[in-house]
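> Read top to bottom, the protein sequences are chains E and U. Under my numbering, think of the first position of the first sequence as 6, with each following residue one higher. Under my numbering, think of the first position of the second sequence as 28, with each following residue one higher. I have a structure I would like to understand better, so I am pasting it below and will then ask my questions one at a time.
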Amino acid sequence: MNDQTPASRSTSIRLGGVDSLGVGIGIFPLGVALGFLVIQAGLPWWLAPALSIGIFAGSVELLLVSMIAAATPLLTIAATVFALNFRHVFYPLSFPIQAVKPGIGRAYSIYAMIDEAYATYVLMPPEKLTSTRMLTGQLLMQAYWVGGGLVGVCVASLLPEPIEGFEFALVSLFIVMALDAVRGRREIPSVILAGLSVTIAMVAFPGAQLIAALAIFTLSLVARFFWQRRARGAGHVAEEDQPDA
Amino acid sequence: MPETWYMIAAVAIGGVITLLLRALPFAILKPLRKSKFVKALGQWMPAGLLVILAVVMLANEISAQPGKLWVVAIASAVTIATHLFAGRRALLSIFAGTTVYIVLLNFF
Chain E
6 MNDQTPASRS TSIRLGGVDS LGVGIGIFPL GVALGFLVIQ AGLPWWLAPA
56 LSIGIFAGSV ELLLVSMIAA ATPLLTIAAT VFALNFRHVF YPLSFPIQAV
106 KPGIGRAYSI YAMIDEAYAT YVLMPPEKLT STRMLTGQLL MQAYWVGGGL
156 VGVCVASLLP EPIEGFEFAL VSLFIVMALD AVRGRREIPS VILAGLSVTI
206 AMVAFPGAQL IAALAIFTLS LVARFFWQRR ARGAGHVAEE DQPDA
Chain U
28 MPETWYMIAA VAIGGVITLL LRALPFAILK PLRKSKFVKA LGQWMPAGLL
78 VILAVVMLAN EISAQPGKLW VVAIASAVTI ATHLFAGRRA LLSIFAGTTV
128 YIVLLNFF
């Protein structure tokens, strides 16, 4: 636990580096894609590092490139970021923040609590965690995003003309994330409600389909909650429908 | 190109919301996190939300490439098939779908 001595400090830095490599293999190419998308969308290069430092949340960074390129209203951007990052509300319950020294280090650790950092440290035994190790790991994860973004910006700028269709990487990413989120029968009601919401939104609110779909979907989940609570009160709810996150 | 102030505002808004969602629960949202309502929304949200985002992005891509619906359909099918049948490796699935899309779009 003690990382005050130079020897254990360098061990902690080395361990943090190893921690970051596992997820870095996934982060770096996404960073490159981010930089690439920024240039191909005709946006200034500094937007790539600005997104990786200002927001630092993988899927949101990529999504914002296309939203900014399409001049999406700021309110829609705010609602989308809120909905997409809402899951972070549940991370502090189990993220081992107490291992990080209070002060700037702990503040950074909270700011940099991306999915990959959470997944890396949440199940690690407490005796293996040190402040230096976690901070090194998290700093490197951010460095992969920023570095990958700059590489992507450079490569895309060197191309004589944009690669038509590269923006599909973003569509694929969200298809993949949706597939990973829908892993069992339990997700089917949410998927049906989402499908209905987005269909209604596209037909009724063609100019504001995303924010309309988010609003209708959220309302339908609220209705589902109260409907289910009433049903549970009557004793008719199956075990698998009960939220247990 | 969008105006600079707009881009900075978009990044700032996204950053502040993300930071608040990460930081507030450590302090004041403890009771909120225990609430059954918040738990239910937290569990039900992600799958449906990602489906909505995927559908909206597909629709945008289809309207941005008129007459290329079949290219979008094939590339999406390749992404899904690669993901389901090649071990759910996100980068591989994205790479496969995007490559197919770029090739079909530029050569057909």
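Cβ atoms here follow ideal geometry from the backbone N, Cα and C, with glycine treated the same way. All figures in this text were calculated on a predicted structure; none of them were measured in a lab.
From I197 (chain E) to L76 (chain U), what distance separates their C-alpha atoms?
Their backbone Cα atoms lie some 11 Å apart in a straight line.
> What residues of chain U sit near F171 (chain E), judged by a beta carbon separation below 9 Å?
Correct list: T125, Y128, I129.
> Return the Cβ separation of A81 (chain U) and F179 (chain E) in integer angstroms, given the expectation that the two are a contact with Cβ distance under 8 Å.
Yes, A81 (chain U) and F179 (chain E) are in contact; Cβ-Cβ is about 4 Å, under 8 Å.
> Is P29 (chain U) close to chain E, meaning its C-beta is less than 8 Å from at least one C-beta of that chain?
Output row for P29 (chain U): interface = yes.
> I need the straight-line Cα distance from A218 (chain E) to F173 (chain E), nearest angstrom please.
Using only the alpha carbons, I get a separation of about 22 Å.
> Can you find at least 3 beta carbon pairs, one from the segment 132-145 of chain E and one from the segment 164-172 of chain E, that sit closer than 8 Å?
The answer is no - the segment 164-172 of chain E does not touch the segment 132-145 of chain E, with fewer than three Cβ pairs under 8 Å.
> Strictly below 8 Å CB to CB, what residues from chain E border L96 (chain U)?
Within 8 Å Cβ-Cβ: nothing; L96 (chain U) doesn't reach chain E, min ~13 Å.
> Mind checking S15 (chain E): buried by the 16 CB within 10 Å criterion, or exposed?
S15 (chain E) is exposed by the Cβ-count criterion.
> For the alpha helix (DSSP H) that contains T125 (chain U), what are its first and last residues?
Segment 117-134, the alpha helix (DSSP H) holding T125 (chain U).
> Pull up the distance between the alpha-carbon of R191 (chain E) and that of W71 (chain U), whole angstroms please.
If I take the Cα positions, the gap works out to 9 Å.
> Take I102 (chain E) and list the residues in its own chain whose beta-carbon comes closer than 7 Å to its own, dropping the five residues that flank it on each side.
The answer, listed in chain order, is R111, S114, I115.
> Below 8 Å between beta carbons: does that hold for P54 (chain E) and V151 (chain E)?
A contact, by the Cβ cut-off of 8 Å.
> Is there contact between the segment 50-70 of chain E and the segment 84-93 of chain E, where contact requires at least three CB pairs shorter than 8 Å?
Touching, yes.
> When the Cα atoms are used, what is the spatial distance from Y128 (chain U) to A91 (chain U)?
Cα to Cα, Y128 (chain U) sits roughly 14 Å from A91 (chain U).
> Using a C-beta cutoff of 8 Å, does A100 (chain U) count as contacting chain E?
False, the Cβ-Cβ gap to chain E never drops below 8 Å.
> For the alpha helix (DSSP H) holding Q233 (chain E), just list the boundary residues, first then last.
From DSSP, the alpha helix (DSSP H) with Q233 (chain E) extends over 214-238.
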